[in-house]
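Report on one structure; see the data block that follows.
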Amino acid sequence: MIIGTVKEIKNREYRVGLTPGAVYEYVKNGHEVLVETNAGVGSGFTDEDYINAGARIISTRDLVWEASNMIVKVKEPLAEEYKYLRKDLILYTYLHLAANKELTLALTKSGCTGVAYETIETADHLLPCLKPMSEVAGRLSAIYGSLLLTKERGGNGLLISGVPGTDRAKVTIIGAGVVGENALKLFVGLEADVTILDIDLNRLASIDKVYQNKVKTLYSTDENIKNSLRNADLVVGAVLIPGATAPKLIKRSYYSFMKKGSVIVDVAIDQGGSTEVSYATTHDNPTFVVDGIIHYCVANMPGIVPNTSSVALNNSTLKYGLLLANNSLEVAFSKSSALKKGLNTYNHKVYHEGVSSAFQLELSEF
Ligand SMILES: NC(=O)c1ccc[n+]([C@@H]2O[C@H](COP(=O)([O-])OP(=O)(O)OC[C@H]3O[C@@H](n4cnc5c(N)ncnc54)[C@H](O)[C@@H]3O)[C@@H](O)[C@H]2O)c1
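Numbering (the numbering used here), first residue to last: 34 to 399.
Shown next, in the form of structure tokens:
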């Protein structure tokens, strides 16, 4: 099979669909890999790195799209890329179709096979190709949030760890899933005073076992959230209810008793956010202030660490990409029911329930 990767054209998207390490694996499996010139440069990979891994560098984007049987990307195609969609192409990337009718129709019209990273789902309901981005975002929330506490960035001027004889910054993490747990790991390393809340007692129990008395775990009720926010210098919103918008657990009315200069890093912003005032911001202008509280609501946090994010993403997507490359769709799906769940569009039809119900399009069974 000929596999291609192109330079992402979305604003400030520096990640790349294939790292040189992934290219090497596809080539080892007998495939030819085409890489658009400078596709990986934003993630720190030169054309030479790709050539050394066995890829051919192609100077025009059109040619990569047209000559490839499978395109491996990061972001969904933008409108100017719809012209490349065709029936005998597999598009393997994040698609987020339930929120994008235009792209859904472009894919079904073209007959393109759209396999979405975010809907690949294992039997135990894990989303292996979403997890690495949550890991990155969780860890970044601790690093970025700690910086926002500095006076220079508008915060209340606390050093996250304090020093002997001073208070440590108080951190509240709402949601103890992948984002929450990764934020927690770094905050504990930074010696912050951390409280983490969730409605899943098993998650709280496993955190309690690992961190013991270094971390306070609380069952997530309105009362516990309010009490925790009262003292917090830094809050991380990390709740997810699969398939639904994020619950607004942090009410505007709570701001009256929260500390001025405290920071909310609302990681759940891509699902609407955890506060009543959250709206998505960009890396160009990541924060806004409401009632003296700093809100950081960047919807694509992993984008600022593209090297780590691209490698982490490839670590998860490569296994399923190789299944697609090495087998017919029938065989690939029979080998992996998780990958089958990634199928969103095929042969002009919709194969994912969420997409079908979002746009009242007929749901087909592969
Ligand atoms: N902004 C970004 O760049 C970025 C990057 C990655 C992920 N995210 C988003 O971060 C959010 C969290 O992702 P995740 O991978 O950690 O999800 P996850 O499913 O691993 O964890 C979510 C947690 O929220 C908990 N939860 C549900 N309702 C709750 C409530 N009322 N109170 C407290 N906890 C509750 C769940 O029990 C679960 O433990 C998602 O919305 C995800 O899309 C954003």
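Ideal Cβ positions, reconstructed from N, Cα and C, are used throughout, including at glycine.
Per-residue DSSP class, three states only, for residue i
i, result
"Thr-199", "coil"
"Lys-249", "strand"
"Leu-396", "strand"
"Ile-283", "strand"
"Lys-40", "coil"
"Asp-299", "strand"
"Thr-152", "helix"
"Lys-293", "coil"
"Met-140", "With the sequence shown as reference, residue 140 is identified as Leu, and Met is not the correct amino acid for it. Here Leu-140 sits in helix by DSSP."
"Glu-58", "helix"
"Glu-135", "helix"
"Gly-354", "helix"
"Asn-377", "strand"
"Pro-193", "A small fix is needed here, since residue 193 is Ile in this sequence, not Pro. Residue state, collapsed to three classes: coil."
"Ile-176", "helix"
Residues bridged to residue i [DSSP beta-bridge criterion]
i, result
"Asn-340", "Paired residue(s): none; Asn-340 is not in a bridge."
"Phe-321", "His-328"
"Asp-157", "None; Asp-157 has no bridge partner."
"Lys-368", "Note: Lys-368 sits in no beta bridge, so no partner."
"Val-49", "DSSP lists no partner for Val-49."
"Ile-123", "Met-103, Thr-146"
"Leu-181", "Paired residues: none, contrary to the question."
"Lys-382", "Tyr-379"
"Gly-270", "Ile-207, Asp-299"
Contact check, residue i vs residue j, beta carbons under 8 Å
i, j, result
"Pro-335", "Ala-170", "yes"
"Ile-207", "Ile-258", "yes"
"Ser-307", "Ala-301", "yes"
"Ala-100", "Tyr-57", "no"
"Lys-374", "Thr-38", "no"
"His-381", "Gly-144", "yes"
"Gly-147", "Lys-106", "no"
"Ser-349", "Pro-161", "yes"
"Val-66", "Ile-104", "no"
"Leu-372", "Leu-394", "no"
"Ala-209", "Asp-231", "yes"
"Thr-228", "Lys-247", "no"
"Tyr-150", "Tyr-127", "yes"
"Ala-72", "Lys-40", "yes"
Assigned exposure category for residue i - 16 Cβ within 10 Å defines buried
i, result
"Val-212", "buried"
"Gly-270", "buried"
"Pro-53", "buried"
"Ala-238", "exposed"
"Gly-63", "exposed"
"His-328", "buried"
"Thr-155", "exposed"
"Ile-91", "buried"
"Glu-113", "exposed"
"Asn-215", "buried"
"Thr-378", "buried"
"Val-256", "The question names Val, yet the displayed sequence has Glu at residue 256. Exposed."
Cβ of residue i within 8 Å of any chain C Cβ
i, result
"Val-105", "In the structure shown, chain C cannot be found, because there is only a single protein chain."
| query | What residue ranges within the segment 74-119 form continuous alpha helix (DSSP H) runs of no fewer than 4 residues, ordered along the chain? | reply | 80-86, 94-100
| Length at least 3, wholly inside the segment 205-259: the beta strand (DSSP E) runs in chain order | 226-231, 248-252
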